[in-house]
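Participant: So the protein sequences, as listed, match chains A and B. Just remember that this note's numbering sits 1133 ahead of the position in the first sequence, which is counted from 1. Just remember that this note's numbering sits 1133 ahead of the position in the second sequence, which is counted from 1. For glycine and all other residues, C-beta sits at the position ideal for the given N, C-alpha and C. Predicted model only: the values in this text are computed from it and were never measured.
There are 2 protein chains.
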Amino acid sequence: MPKKKDKSIITEEDLYDLADLFKAFSDTTRIKLLYALMEGELCVADLVEKTGATQSAVSHQLRGLKQMDLIRCRKEGKQVIYFLADDHVHTILQMGMDHVKE
Amino acid sequence: MPKKKDKSIITEEDLYDLADLFKAFSDTTRIKLLYALMEGELCVADLVEKTGATQSAVSHQLRGLKQMDLIRCRKEGKQVIYFLADDHVHTILQMGMDHVKE
DNA sequence: TGAACATATGAATATCTGTTCATATTTGCA
DNA sequence: TGCAAATATGAACAGATATTCATATGTTCA
């Protein structure tokens, strides 16, 4: 039987993780990347075009988002296709946007 | 009749605002402040104690959060009592924490 | 009025973060 | 095999950001 954490207890580490989670959404380039991926998976070249950032900047940011497991990817020939990791990411973005749009 | 924005159209500026919103949640001290305020209003001294940050650091961060209208305050004698601006803030925090706690 | 308390502010500093530039890696194809 | 396309990586730089320290402001009360 797998050990389960008690979700009702908020540790200091949880608060650090929470800040880190939001940090991932706190940069314009990353937001543009995530927002573009809300409509479906895209290769790097498409993301470069959608964000207006350089290929290098996009690649660096994709790495960060991937490390946070907010996005995942698969290879398809020469291309790498990125997509949102799960619905949670979608929901958080949507909720933030609702707030911005009041 | 007041002009209404079309909420279905996402502008580049919206994406900037969205990043800024999440930026407010992206620092450990600010998260601790907001999280403490989820359980109810608190004066600065209490917030200093809960966060473990210095009085000055807390005051600086409170100012930022207030400017974003994520928190508000009222004076009560010598003290200043801070509280979350609205339920939206509460919801965003809760949703983020749900994700962290998987 | 003056002392003590609570909070806010400004400047300086150190750290963190994102971008750029140059280059490396991987893959498909002639 | 060699070249071109797609993406990733590393180092360096610039700008942003959080904290600290010193001090200012505002409030209560004796």
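1) With DSSP as the reference, identify every bridge partner of A:Tyr-1215, one or two as the case may be.
2) With distance defined between alpha-carbon atoms, name the residue in A:Tyr-1149, A:His-1232, A:Lys-1156, A:Lys-1183 nearest to B:His-1223.
3) With a threshold of 8 angstroms, are at least 3 pairs of Cβ atoms found where one atom belongs to the segment 1151-1169 of chain A and the other to the segment 1169-1189 of chain B?
4) Can you give me the start and stop residues for the alpha helix (DSSP H) that A:Thr-1224 sits inside?
5) Does the contact criterion of 3 or more C-beta pairs under 8 angstroms hold for the segment 1165-1172 of chain A versus the segment 1211-1231 of chain A?
6) Taking 7 angstroms as the cut-off, is the beta-carbon of B:Tyr-1215 closer than that to any non-hydrogen atom of the ligand MG?
7) Going by the CB atoms, is the gap between B:Ala-1157 and B:Met-1228 shorter than 8 angstroms?
8) Leaving out the 5 sequence neighbours to the left and right, which residues in its chain are closer than 8 angstroms to B:Lys-1208 when beta-carbon positions are compared?
9) Could you tell me which chain B residues have their CB closer than 8 angstroms to the CB of A:Gly-1173, listed as they occur along the chain?
10) B:Lys-1140 and A:Lys-1234: beta carbons closer than 8 angstroms?
11) Note down, in chain order, every chain A residue with its Cβ under 9 angstroms from the Cβ of B:Tyr-1149.
12) Going along the chain, which residues of the segment 1171-1200 of chain A sit with their C-beta nearer than 7 angstroms to a C-beta in chain B?
13) Identify whether A:Thr-1144 lies in helix, strand or coil by the three-state DSSP scheme.
14) Taking only the alpha-carbon atoms, compute the straight-line gap between A:Lys-1199 and B:Gly-1185 and give it to the nearest angstrom.
15) Distance, Cα to Cα, B:Gly-1197 vs A:Ala-1152?
16) Where does A:Ser-1189 sit, in a helix, a strand or coil, going by DSSP?
Facilitator: Once the coordinates are examined:
1) A:Leu-1175, A:Cys-1206
2) A:His-1232
3) no
4) 1220-1233
5) yes
6) With respect to the ligand MG, the structure offers nothing, as it holds no ligand at all.
7) no
8) Ile-1214
9) Near A:Gly-1173 there are no residues of chain B at all, since even the closest Cβ is about 15 angstroms away, more than 8 angstroms.
10) yes
11) Thr-1161, Ile-1164
12) none
13) coil
14) 32 angstroms
15) 16 angstroms
16) helix
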